[in-house]
Each structure stands twice: as structure tokens, then as C-alpha cells.
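Notes follow the structure.
In this note's numbering, the protein residues as written are 953 to 1411.
Following this line, the structure appears as C-alpha cells:
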């Protein structure tokens, strides 16, 4: 299916005799300003509403900015919402965005509404609850671009431009891609309609050097695709991984797993990366038992098994200390008495340290480190909204991944644990954490923490 130009006969679209359709942008932060700049570059007539300006004014590009609250019906009417083709609300407050969108819907029932919503539950439900409303999440829009950039190889001919959602099911998420037709592409000799039918997707535009990309109009003569053409395509997520004859190779290239011995060594190294109190306490307890065993075996001429049994009984239990065996050597009584006192103290210390470690370190996270591949995987650093969306996309494409997150209470970690994703709780900017994730052999390292300096440090 080829994307068509607006049909003026449909409700909500201006007729040829009406004033030019206006798109109203509410909120002129970073997102709103970039959006306004892009729309103006396409020749779209826009009006902006922002609460920060002291008075109305005209931007250098000729668009209007009205000072006021986008939730105020009077301000919306002053912006021309009655005849607007679309209203885009992109402030950084979900409540403001939702109220402004509903207010605009009450004034103009046919206008297309686009609202920036950060609450993931609202994003999934608003589109189905309110007609002509598209709720968009910045993290969901950004994640496909990050994944595409991370997995892109040198010979790639596909550039993912963004993603959008057509409904509630996850399968309705589509990607917009710019694809170059290769010499051996199956697209050569086909029309845009034929490509759309075969791919189950949409062909929105075509570009042929030296002419720029243009939107496809169904009324224009059918044009056959040639090698070297650029196509603007929209289709399900992951659809364009290999389109055009030389796309990204998203298979498990170079994926290698460590042997059993290497996994055991890795487990021992990752179990106590910082706090060595448990290994030290264990070593002290073993040395005491070893010294006691050797002394009983040589002085009392006991067998090795009897010496070990006697040592463990004195240190770990309240069993009889066999006073009759020490009459000929009174100094052994001092040794055995001291052994019981020192052993009891060491055993109590070891138990306390081990219990504290298990409670703090979450032993299952340590065991998951053994599931980190040696190479061919993707390391995701930072588990905020963007990071979680990135991991979901990677899981959908069945790409092995490892997550590094500093906050052990991060709400997204439990979902990843249920899916069996290896999680390393630590600072992603620390070489120890990156080493545990085997970042040196990783296919890609994606740094999406909330700190730009940490992201640069990881890169």
C-alpha cells in the first residue's frame, strides 16, 4: 500500500476553498522547537503555544508563537484550533498534555491529536480510548534508532528513521526506514504498489539521484524501481533488516560461550568484586582447621579422618573435647581450649558475613554472570525508560544481551530477571562492570544512562 496525499473530502481535512490547514504545537521545549523547525521546512503552516514568552511574537521562520496556557480554551481558539488539521502537545508534563489534548478534542472533534506521554500504561491505552489520538513516548521513538545504530554494519543500506504504533498490540509497532535498492535487489523492475503488496508494508516515498526524496502520489504515472534508488518504507519492526540486497545481518555473528572451567573462574571472580571480607573469613577458618588437623595427626598420632573429625567437632560443635587424651601433654589442653574459643568466634563471623553478602549481593545476579557470552552479544548500560525499550527490541530480535544497572531497586530489573537476562548491578563506567559484561568482545555497547558524562566514559 502506497501512502497517499491528504483526501480533502474526508472530515477534518480542509476543502480547497478553506484557509490553509494549521498544525498547532503546544510546548516549545527541545522537542517542540525541533518539531516546529521540521514542519516549517516542509512548508507546513504552524501555530505554537508556549507559557514562557511574555507576549505573542513571530518566529524568524514566520510561524506564530502565542503566549498562554495550552489547556485554556480561549488560547486554543486564538490559535485557530477550530480549523486546525492537527494538534501536537509536547510539554514535559503528562497531565498538561492530556488535559490540553482533551480540551482540543472538545473544540474540534475532527482534528488529529498527538500527545507526548511518558507514562507507558497511558501510551498503550489512550489511542484505543480516544478517537484520532496518537500517544507517543519519547523512549519508544528513540529506542529503535539506538538499536539500529548499534547493530548497523559498514555495508548497511538501511537507515531506520523512527517508529510509530498503530494500536495496542506490540506487533503493531512499525518502523520508518530509508532503504537503498541494491544491484541484486528483488525490488528492481517493480512499482511502489507491487513492493507494498509483496512486503506487506507501505512505500511512502522514492528518491533518485540527483533528485531529492519525494512523497508518492497515487495519481501520478507508475514508476519502475531501479538499482540505486532510495525508498522511504514503513513496516513492522525488524522488517527492513535485510531489504535492498545488503541490509544489516542480525544473526548471532561471532556469538561464543565460555567453557565450563572458564565459567567457573568467571563466577569466582565476579562473586566478590569489591567486598573481600567473606573470602578472608573463609580462608582464616580453613587455616585454623588445617593447623588443628595437622597437630592432632602428628602429636596424637591420629589418622587424617579422625584428625579432621576431631577439629571440626571442637570448632563447630559443643561435643566432648576428649580431656583424657591430653593428660600426658598438658599444653594440648591450652591449645584445644583456645581452638574452641577462636573457632566459635571465626564461625560466628563467617556466618554473619556470608548472610550479609547473600542479602546484599543477590546471589542469583552473580550466578547469571556465568550466562554472559564471550562475544557476539550486546551490552546495554543504564536501565531507564529508553534502556528498557532498547532491551525489549533486542529481545524481540532474539539478540543475546547483558544489562548493567547501578540501582539495584530499578523497577525494570525484575522483568528482565524473569526473562533470564544477565544483570550486573554496578557502575557502567567502571572497568570491572564492563569486564564482567565482556564488553571487549561484545557486538555493540549501548550507553543510555541518564548521565551524559557516564555515557561518554563508557564509549
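All residues carry an ideal CB built from backbone N, CA and C; glycine is no exception.
(request) Would you give the residue range spanned by the alpha helix (DSSP H) that residue 1034 belongs to? (result) Against the chain shown, residue 1034 aligns to sequence position 82. It is not in any alpha helix (DSSP H) - residue 1034 carries neither H nor E in the DSSP assignment.
(message) Below 8 Å, how does it come out for the region 1178-1189 and the region 1123-1137: are there three or more Cβ pairs, yes or no?
(response) yes
(request) Work out the CA separation of residue 1345 and residue 1099 for me, nearest whole Å. (result) In the chain shown, the residue the question calls residue 1099 occupies position 147. In the chain shown, the residue the question calls residue 1345 occupies position 393. Roughly 8 Å between the two C-alpha positions.
(message) Along the chain, where does the alpha helix (DSSP H) containing residue 1262 start, and where does it finish?
(response) The residue labelled residue 1262 in the question sits at position 310 within the chain shown. Here the alpha helix (DSSP H) through residue 1262 covers 1256-1268.
(request) Tell me whether residue 1361 is buried or exposed, calling it buried when 16 or more other Cβ atoms sit within 10 Å of its Cβ. (result) For the purposes of this step, residue 1361 is identified with residue 409 of the chain shown, where counting begins at 1. Per the 10 Å Cβ criterion, exposed.
(message) What does DSSP give as the partner residue(s) for residue 1002 in the beta ladder?
(response) Locating residue 1002 in the chain shown gives position 50, where the first residue counts as 1. DSSP output for residue 1002 lists 1019 as bridge partner(s).
(request) Would you mind working out which of 1268, 1269, 1242 sits nearest residue 1256, comparing C-alpha positions? (result) Residue numbering aside, residue 1256 sits at position 304 when the chain shown is read from its first letter. The shortest Cα separation from residue 1256 among 1268, 1269, 1242 belongs to 1242.
(request) Please say whether residue 1043 and residue 1134 have beta carbons closer to each other than 8 Å? (result) Stepping through the chain shown from its first residue, residue 1134 is reached at position 182. Stepping through the chain shown from its first residue, residue 1043 is reached at position 91. It is not a contact, given that the beta carbons lie outside the stated cut-off.
(message) Please state the DSSP three-state secondary structure of residue 1343.
(response) The residue labelled residue 1343 in the question sits at position 391 within the chain shown. In this structure, residue 1343 counts as helix in the three-state DSSP scheme.
(message) Can you give me the C-alpha to C-alpha distance between residue 1152 and residue 1163, rounded to a whole angstrom?
(response) Here residue 1152 is taken as the residue at index 200 of the chain shown, counted from 1. Here residue 1163 is taken as the residue at index 211 of the chain shown, counted from 1. Going by the C-alpha atoms only, they are around 27 Å apart.
(message) Classify residue 1470: buried if its beta carbon has 16 or more other beta carbons within 10 angstroms, exposed otherwise.
(response) What the structure shows of the chain is the stretch from 953 to 1411, and residue 1470 is not part of that stretch, so it cannot be assessed.
(request) On a CA-only basis, which of 1045, 1022, 999, 1150 is nearest residue 1011? Give me that one, please. (result) Numbered from its first residue, the chain shown carries residue 1011 at position 59. Of the listed residues, the one whose Cα sits closest to residue 1011 is 999.
(message) Let's test the definition: count the other Cβ atoms within 10 Å of the Cβ of residue 1068 and tell me whether it reaches 16, buried, or not, exposed.
(response) If you number the chain shown from 1, residue 1068 lands on position 116. Per the 10 Å Cβ criterion, buried.
(request) Could you pull out every residue in the same chain whose Cβ sits closer than 8 Å to the Cβ of residue 1264, ignoring the five residues on either side in sequence? (result) Start at 1 with the first residue of the chain shown, and residue 1264 comes out as number 312. 1241.
(request) Identify, in the order they occur along the chain, each residue of the same chain with its Cβ nearer than 6 Å to the Cβ of residue 1022, setting aside the five sequence neighbours on each side. (result) Your numbering for residue 1022 matches position 70 in the chain shown. Taken in chain order, the residues that qualify are 978, 1001, 1052.
(request) Determine the direct distance from the alpha carbon of residue 1237 to that of residue 1286, and round the result to whole angstroms. (result) Position 334 of the chain shown, counted from the first residue, corresponds to residue 1286. Position 285 of the chain shown, counted from the first residue, corresponds to residue 1237. Computed Cα separation, rounded: 19 Å.
(request) Between the Cα of residue 1260 and those of 1384, 1245, 1049, 1267, spot the shortest distance and give me the residue it belongs to. (result) For the purposes of this step, residue 1260 is identified with residue 308 of the chain shown, where counting begins at 1. For the residues 1384, 1245, 1049, 1267, the minimum Cα distance to residue 1260 belongs to 1245.
(request) Name, in chain order, the residues that DSSP records as bridge partners for residue 1370. (result) Looking up residue 1370 in the chain shown gives position 418. DSSP output for residue 1370 lists no bridge partner at all.
(request) On a CA-only basis, which of 1333, 1157, 1103, 1270 is nearest residue 1387? Give me that one, please. (result) For the purposes of this step, residue 1387 is taken as residue 435 along the chain shown, with counting starting at 1. Comparing Cα-Cα distances from residue 1387 to each of 1333, 1157, 1103, 1270, the minimum goes to 1333.
(request) Below 6 Å CB to CB, which residues in the same chain sit around residue 1196 once its five sequence neighbours on both sides are set aside? (result) Mapped onto the chain shown, residue 1196 falls at position 244. Low local confidence applies: a pLDDT of 43 at residue 1196 is under 50, so the model's placement there is unreliable, with the coordinate-based value given in what follows. 1109, 1131, 1132, 1133, 1134, 1137.
(message) Quick check: residue 1268 and residue 1295, are their CB atoms within less than 8 Å of each other?
(response) Sequence index remark: in the chain shown, residue 1268 carries index 316 (1-based). Sequence index remark: in the chain shown, residue 1295 carries index 343 (1-based). Yes, the pair counts as a contact, with Cβ atoms nearer than the cut-off.
(message) Closest to residue 1181 by C-alpha separation, out of 997, 995, 1140, would be which residue?
(response) As a position in the chain shown, residue 1181 is number 229, starting the count at 1. Among 997, 995, 1140, the Cα nearest to that of residue 1181 belongs to 1140.
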